[in-house]
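Those sequence lines, one after another, are chains B and A. Add 354 to a position in the first sequence, counting from 1, and you land on the number used in the numbering used here. Add 12 to a position in the second sequence, counting from 1, and you land on the number used in the numbering used here. For every residue, glycine included, the Cβ atom is placed at its ideal position computed from N, Cα and C. For clarity, every value in this text was computed on a predicted model and none was experimentally measured. Notes for the one structure printed next.
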Amino acid sequence: MFKGLNIASGGMSAQRARLHVISSNIANASTTRTEDGGPYKRQEAVFRTTLPEGWAEKVKNGVPTNAAADMSLRGVEVSEVQKDNVPGPIIFDPGHPDADENGNVELPNVNPVEEMVDMIAASRSFEANAQSFQTLRDMITRAMDIGR
Amino acid sequence: MSIVNDKTSAVLDKALSLRFKRQQLLAANIANADTPNYRPVDLAFEGALKDAIGKDGADPNPPGFERTDSMHMSGWMPEPTEAAEVVVRNDVTNSLDNNGVDLDKEMAHIVENSTSYQTVLEVSRRRFNILTELITTMSQG
């Protein structure tokens, strides 16, 4: 009964994780120094579907044929946070502490406008999951009230 | 078959559980609205119900029901055993990452489905009220 609620809350956590990555990108939009050396590289959360609880084992042992309905109840999770290694813009600024011998500085490959758009998309998706959670919860609550 | 366990209850139960199942599938679609290569899933039970209605061209009225006017509603009731299949919706591909979820459509489905669920629930509730009324009246003699 609560599978749907778990899926919706999983969707909310995934979108929240995506928002965290976006915040990190925006915060580091002009960071030219990282522990790996070089400027900050923008990161992206990559989503993947999850199997329903306990299904990983079942899949390993061969799935029963009547289980298509349960198998389709897939949640979502962040599988990895991927680095975008596209080179950032290079500007000429000899006074910059991270400038090379020619006076060029490579800036992070973060485009704040793109990040803002991505942020809005993530928060809309979060809201959609929240709405779906609430609708399911209402359905369950109403069903509880049936005998009153 | 008894007064509390008849075909109507069976149909209502089935309708509730199918609607609930569908709501969970729709929740999975919304959760995966940004997952690459995800295809939305749905229950095809409305189609199944329609198929069942049109199956025999003969009078679909159960025994005991008689329509005295063609405008009257039929007393037909679907078999509660009607199976609902989980289908993958392959109709839309609107994104570069091959994700087929249209968030607006999914939200519309969610509202439509939960409204239907609550309608069936309300019918069940009123049915129970009638039964309760009946039992109390009988016990009062």
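Query - Bridge-paired residues (DSSP) for Asn458 of chain B - result: Taking the first sequence and counting its residues from 1, one reaches residue 458 of chain B at position 104. Paired residue(s): B:Phe446.
Requested in this report: Determine the direct distance from the alpha carbon of Leu37 of chain A to that of Tyr394 of chain B, and round the result to whole angstroms.
Outcome: Here residue 394 of chain B refers to the residue found at position 40 when the first sequence is read from its first residue. Here residue 37 of chain A refers to the residue found at position 25 when the second sequence is read from its first residue. Cα to Cα, the separation comes out at about 39 Å.
**Report entry** Delimiting residues of the beta strand (DSSP E) encompassing Leu55 of chain A
**Finding:** Here residue 55 of chain A corresponds to residue number 43 of the second sequence, with the count starting at 1. Leu55 of chain A -> beta strand (DSSP E) spans 53-55.
Requested in this report: Specify whether the segment 469-478 of chain B and the segment 487-497 of chain B touch according to this definition: at least 3 beta carbon pairs, one from each stretch, less than 8 Å apart.
Outcome: No: the two stretches stay apart, fewer than three of their Cβ pairs being nearer than 8 Å.
Query raised in the report: Under 9 Å Cβ-Cβ, which residues of chain B neighbour Leu143 of chain A?
Result: Here residue 143 of chain A corresponds to residue number 131 of the second sequence, with the count starting at 1. Correct list: empty, because the minimum Cβ distance to chain B is about 11 Å.
Query raised in the report: Out of B:Met493, B:Glu455, B:Ala410, B:Ser377, which has the shortest C-alpha to C-alpha gap to Phe446 of chain B?
Result: Stepping through the first sequence from its first residue, residue 446 of chain B is reached at position 92. Phe446 of chain B has its Cα closest to that of B:Glu455, out of B:Met493, B:Glu455, B:Ala410, B:Ser377.
Query - Among B:Trp409, B:Ala482, B:Asp499, B:Met498, the one whose alpha carbon lies nearest that of Ala368 of chain B - result: As a first step, residue 368 of chain B is located in the first sequence; it is residue number 14 there, counting from the start. Checked all of B:Trp409, B:Ala482, B:Asp499, B:Met498; the closest Cα to Ala368 of chain B is B:Ala482.
**Report entry** Supposed contact pair Asn110 of chain A and Pro48 of chain A - C-beta distance, whole angstroms, cut 8 Å
**Finding:** Mapped onto the second sequence, residue 48 of chain A falls at position 36. Mapped onto the second sequence, residue 110 of chain A falls at position 98. Cβ-Cβ separation between Pro48 of chain A and Asn110 of chain A: approximately 6 Å, consistent with a contact (criterion under 8 Å).
Report task. Within 10 angstroms of the Cβ of Glu145 of chain A, are there 16 or more other Cβ atoms? Answer buried if so, exposed if not. Result -> The residue you call residue 145 of chain A lines up with position 133 of the second sequence. When all chains shown are included, Glu145 of chain A counts as exposed.
**Report entry** Contact with chain A by Thr489 of chain B, beta-carbon distance below 8 Å
**Finding:** Within the first sequence, the letter at position 135 stands for residue 489 of chain B. Chain A, which has a Cβ nearer than 8 Å to the Cβ of Thr489 of chain B, makes this yes.
Query raised in the report: What residues of chain C sit near Met470 of chain B, judged by a beta carbon separation below 7 Å?
Result: Looking for chain C here will not work: the only protein chains present are B and A.
Query raised in the report: Tell me, which residues are paired with Lys437 of chain B by DSSP?
Result: Counting from one through the first sequence, the residue named residue 437 of chain B turns up at place 83. Paired residues: B:Gln397.
Query - From B:Pro451, B:Asn439, B:Ile361, residue whose alpha carbon lies closest to that of Glu431 of chain B - result: Here residue 431 of chain B corresponds to residue number 77 of the first sequence, with the count starting at 1. A check of alpha carbon separations from Glu431 of chain B across B:Pro451, B:Asn439, B:Ile361 identifies B:Ile361 as the nearest.
Query raised in the report: Could you give the residue range of the alpha helix (DSSP H) that holds Val467 of chain B?
Result: Residue mapping note: residue 467 of chain B aligns to position 113 of the first sequence, counting from 1. 466-498 is the extent of the alpha helix (DSSP H) around Val467 of chain B.
Query raised in the report: Listing by chain order, which chain A residues have their CB less than 8 Å from the CB of Val435 of chain B?
Result: On the first sequence, residue 435 of chain B is found 81 positions in, with the first residue counted as 1. Ordered by position in chain A, no residue passes the 8 Å Cβ test against Val435 of chain B, which lies about 14 Å from the chain.
Query raised in the report: According to DSSP, which residues form a beta bridge with Glu431 of chain B?
Result: Taking the first sequence and counting its residues from 1, the one referred to as residue 431 of chain B is at position 77. Beta bridge pairing from DSSP links Glu431 of chain B with B:Arg402.
Query raised in the report: If we ignore side chains and look at the alpha-carbon of each, how far apart do Ala56 of chain A and Leu28 of chain A end up?
Result: By 1-based counting over the second sequence, the position of residue 56 of chain A is 44. By 1-based counting over the second sequence, the position of residue 28 of chain A is 16. Going by C-alpha positions, Ala56 of chain A is about 15 Å away from Leu28 of chain A.
Query raised in the report: Applying a beta-carbon distance threshold of less than 9 Å, which residues of chain A neighbour Asn379 of chain B?
Result: For the purposes of this step, residue 379 of chain B is taken as the residue at position 25 of the first sequence. Neighbours of Asn379 of chain B on chain A: none; closest Cβ ~16 Å, over 9 Å.
**Report entry** Below-8 Å beta-carbon distance, Thr148 of chain A vs any chain B residue
**Finding:** The residue given as residue 148 of chain A occupies position 136 in the second sequence. With a threshold of 8 Å between beta carbons, Thr148 of chain A makes no contact with chain B.
Query raised in the report: Using the C-alpha atoms, what's the distance from Ser136 of chain A back to Ser21 of chain A?
Result: Taking the first residue of the second sequence as position 1, residue 21 of chain A is located at position 9. Taking the first residue of the second sequence as position 1, residue 136 of chain A is located at position 124. Answer to the nearest angstrom: the Cα atoms are 8 Å apart.
Query raised in the report: What is the DSSP secondary structure of Val113 of chain A, reduced to helix, strand or coil?
Result: Within the second sequence, the letter at position 101 stands for residue 113 of chain A. Three-state result, Val113 of chain A: coil.
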